[in-house]
Amino acid sequence: MIENQSSLAKINDLAFRIVDSDLFYSFSRNPIVVVSAVITFVFIIAATFAPWLAPHNPFDPASLDLMEASTPPVWLEDGMSKFMLGTDDQGRDILSTIMFGSRVSLIVGFSAVLFSVFVGVGSGLLAGYLGGWLDTVIMRLADVQLAIPAILIALMINGVVAILLPPQLQHEMAIYVLILAIGVSDWPRYARVTRGSVLVERNKEYVAAAQVIGVHPLFIMLRHVLPNIMGPVLVMATIGLALAIITEATLSFLGVGVPPTTPSLGTMIRVGNNYLFSGEWWITFFPCTALVTLVLAVNLMGDWLRDALNPKLR
Amino acid sequence: MIAYIIQRAFQALAVMIVVSLVSFMLFNFVGDPVDNMVGQEATYEERVAMRDNLGLNDPFLVQFARFVGNAVKGEFGISYRIQRPVADLIAERMPATLELVIASAFLSVLLGIPMGVYTGIRPNSWLSRSILVGSLVGVTLPTFVIGILLIYIFSVGLGVLPSFGRGEAVQLGWWSTGFLTVTGWKAIIMPSVTLALFQMTIILRLVRSEMLEVMRTDYIKFARARGLPNQIINFGHAFKNTLVPVITIVGLNLGSLIAFSIITETVFQWPGMGFLFIQAVGFADIPVMAAYLVMVAVVFVSINLFVDILYFVVDPRLRADKTVAAGN
Chain A
525 MIENQSSLAK INDLAFRIVD SDLFYSFSRN PIVVVSAVIT FVFIIAATFA PWLAPHNPFD
585 PASLDLMEAS TPPVWLEDGM SKFMLGTDDQ GRDILSTIMF GSRVSLIVGF SAVLFSVFVG
645 VGSGLLAGYL GGWLDTVIMR LADVQLAIPA ILIALMINGV VAILLPPQLQ HEMAIYVLIL
705 AIGVSDWPRY ARVTRGSVLV ERNKEYVAAA QVIGVHPLFI MLRHVLPNIM GPVLVMATIG
765 LALAIITEAT LSFLGVGVPP TTPSLGTMIR VGNNYLFSGE WWITFFPCTA LVTLVLAVNL
825 MGDWLRDALN PKLR
Chain B
110 MIAYIIQRAF QALAVMIVVS LVSFMLFNFV GDPVDNMVGQ EATYEERVAM RDNLGLNDPF
170 LVQFARFVGN AVKGEFGISY RIQRPVADLI AERMPATLEL VIASAFLSVL LGIPMGVYTG
230 IRPNSWLSRS ILVGSLVGVT LPTFVIGILL IYIFSVGLGV LPSFGRGEAV QLGWWSTGFL
290 TVTGWKAIIM PSVTLALFQM TIILRLVRSE MLEVMRTDYI KFARARGLPN QIINFGHAFK
350 NTLVPVITIV GLNLGSLIAF SIITETVFQW PGMGFLFIQA VGFADIPVMA AYLVMVAVVF
410 VSINLFVDIL YFVVDPRLRA DKTVAAGN
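Structure, rendered in structure tokens:
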């Protein structure tokens, strides 16, 4: 009972600290950011609970009826009330497919960013803190990769890994390959920023103090330096998420990302693009709108976060 | 200055070596090149002979040296898919891509810089604000969405511009140009706008923030105190000093224009290298992929090097530092 109370008090305390913080204050004062956060939240909920929330299951072939293919949205002539945003060429409900598609986009986006943050921040920490030949090797590697556009690197990795995999695994592994490709393509940016911040932090007194009392370098890096450089990394990761979602959509649109059987926003746009000339604009329009809305919301949050965490602008 | 350029050149060389190593390993270790070249019925002896012929049994370094030697001569083998030399395929499609990239670069610079200067000089006017809101769209809309939107408006809706291809091309020696025919000009409008929009926003925002910073400096105030006309202050004093970062970004973006032309070319079925590359990825056509990678790296690295050298021409501070150092 007492334990319960104390944990309740802890949650209370944490909630109070969040609401009382500068960050929350600047957040609540900025209506555009609040709207962006709500939109992102809605996307995450809709994507996470798509199997329960979506009006139809676009992956269940039994529920598809080719007679209902290419139905326009409900407010147009011939629209059907059960398909709010119409159906695509195979009779899949567009709204449900967008929900399932955002799922793929968000999973790939978040995982790819996590991957590049993990690799980039890790290597940046090592390079900045330890210095020496390790620093040279890691940063030269980053330089070489930065010399080539990220989208091309993602395309190459995606293409090559797909060739290396046995054909029967290609479809089920496609998402992991995509995450790897996008994640690898973006790590040098994080490495550079992390290294820059670490070089500043390393000369501060608290690091010297920790070194003097004999704390293990790895512990200093992770528990002392890392928390102090998380600000810029967080900002980059937010904008990186928008970038990763666009990259995923682009690769899928180009037909090298996820297979057509698992519709992401990109593959939906690709399919719909073929029907643009026959007048079925909704097949491609709604996924495009969803993609742009999501990316815009995440970008706006990233912009806000950059200003909010910048001590110069306080 | 020479030491600086030599150092940069070495860096460029290092990038090229790593890239060609990667593309060589693609070539040799992804899939079996022999399998890809001989038919299904080839006997074991034929395969061994082919292997010897291609030099696949030589030591790694010898093979790599041969690959680099061939690459320098522009030989990248035979495309698995089309069964023609990769060099020919790329030479055929290069003019289309380069014309598209050059048109977009011109568009983005010619529109981006004036808008950036204007929004920097008058940050609070309504026109500046609308330009900035508009630029947010340029950052957010993915390239292919812009392309689809343009096609829907101008090809499907209004029916004034073609949605694919590059119109009639005129052959000038080995170079085929679309700039000499009306259909060619019409065809390049939408792809180049699509490709330019993102770069334009970046240039606009960069010029704007640089201008805002420069306008706050003392020497601008002094120029105002001297009673110089606004024209001279804005362009002669302020804009000139924003040029260094602008040149860097414009230069580096030329390379990413080539990379992003992959997407634009796919949307508009533009017969360039990017379209070739995407088809190659789809068909696991390794020689084309490897050649494209090396090509892009060469372009990128030479632009980087060129930009570095250009710094000396534009920024007298760099020259001054070196002469002082040399004088000592």
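Protein sequences appear in the order of chains A and B. Sequential numbering from 525 applies to the first sequence in this note's numbering. Sequential numbering from 110 applies to the second sequence in this note's numbering. Think of the CB as a built atom: it goes at the ideal place given N, C-alpha and C, for glycine as much as any other residue.
Report, in whole angstroms, the separation of the C-beta atoms of L824/A and V405/B, which I expect to be a contact under 8 Å.
That pair is no contact at about 32 Å.
With a threshold of 9 Å between beta carbons, is V567/A in contact with chain B?
The sequence shown places Phe at residue 567/A, rather than the Val named in the question. The Cβ of F567/A sits no closer than 9 Å to any Cβ of chain B.
Step through the CB atoms of chain A and report whether any lies within less than 9 Å of the CB of V137/B.
Looking at the sequence itself, residue 137/B is Asn, so the reference to Val does not match. Interface with chain A (9 Å Cβ-Cβ cutoff): N137/B is excluded.
Spatial distance of Y653/A from I631/A (CA atoms):
Cα to Cα, the separation comes out at about 32 Å.
Which first and last residues belong to the alpha helix (DSSP H) in which Q669/A is found?
Counting along the chain, the alpha helix (DSSP H) containing Q669/A begins and ends at G656 to L670.
L281/B (DSSP reduced to helix, strand or coil):
Residue state, collapsed to three classes: strand.
Does F777/A come within less than 9 Å of chain B when only Cβ atoms are used?
The C-beta of F777/A comes closer than 9 Å to at least one C-beta of chain B.
Mind listing the chain A neighbours of S365/B? Cutoff is C-beta to C-beta under 7 Å, in chain order.
Near S365/B (Cβ distances below 7 Å), the residues of chain A are P673.
Closer than 6 Å by C-beta to D544/A: which residues in its own chain qualify, once you throw out the five before and the five after it? Chain order, please.
None.
Compute the Euclidean distance between the alpha carbons of G781/A and T791/A, then round it to the nearest angstrom.
Annotation: G781/A to T791/A spans about 8 Å, alpha carbon to alpha carbon.
Cβ shell of Y61/B (< 6 Å), same chain only, five flanking positions each side left out
A query on residue 61/B cannot be resolved here, the shown segment of chain B reaching from 110 to 437 and no further.
Kindly indicate which three-state DSSP category R830/A falls into: helix, strand or coil?
Looking at R830/A - three-state DSSP - the assignment turns out to be helix.
What whole-angstrom Cβ distance do L220/B and M309/B have, given they're in contact under 8 Å?
Right, the Cβ-Cβ distance comes to about 5 Å (below 8 Å), so this counts as a contact.
Around the Cβ of I115/B, are there at least 16 other Cβ atoms within 10 angstroms (buried) or fewer (exposed)?
Counting of Cβ neighbours within 10 angstroms places I115/B among the exposed residues, the total staying below 16.
Taking DSSP as the reference, what is the three-state secondary structure of T786/A?
Residue state, collapsed to three classes: coil.
Find the residues of chain B that neighbour L823/A, judging by a C-beta separation of less than 9 Å, and give them in chain order.
Residue identity differs from the one stated: residue 823/A is Asn in this sequence, not Leu. Simply L245, V248 and T249.
Which residue's Cα is closest to the Cα of L818/A: M623/A, D667/A and L688/A?
Of M623/A, D667/A and L688/A, the residue nearest in Cα terms is M623/A.
Any C-beta of chain B under 9 Å from that of V562/A:
Not an interface residue.
Kindly confirm or deny that the stretch 265–282 of chain B and the stretch 386–399 of chain B touch, where touching means at least three C-beta pairs closer than 8 Å.
Here the stretch 265–282 of chain B makes no contact with the stretch 386–399 of chain B; the two share fewer than three CB pairs at distances below 8 Å.
State the DSSP-derived secondary structure class of P555/A, mapped to helix, strand or coil.
The three-state reading of DSSP puts P555/A in helix, counting H, G and I together.
Spatial distance of H580/A from R716/A (CA atoms)
The straight-line gap from Cα to Cα measures roughly 45 Å.
Can you list, in chain order, the residues of its chain whose CB lies under 7 Å from that of G293/B, leaving out five sequence neighbours each side?
Its chain contains R275, G276, E277, A278 and G287 as the residues whose beta carbon lies nearer than 7 Å to that of G293/B, once the 5 sequence neighbours on both sides are disregarded; these appear in chain order.
Within-9 Å CB hit, F348/B to chain A
Any Cβ of chain A closer than 9 Å to the Cβ of F348/B would place that residue at the interface, and such an atom is absent.
Answer with yes or no whether the minimum CB distance from I687/A to chain B is below 9 Å.
Closer than 9 Å to some Cβ of chain B, the Cβ of I687/A qualifies, so yes.
Cβ-based neighbour list, I329/B, same chain, cut-off 8 Å, excluding 5 preceding and 5 following
Taken in chain order, the residues that qualify are V323, I342, H346 and A347.
Using the C-alpha atoms, what's the distance from L259/B back to V291/B?
C-alpha separation (whole angstroms): 19 Å.
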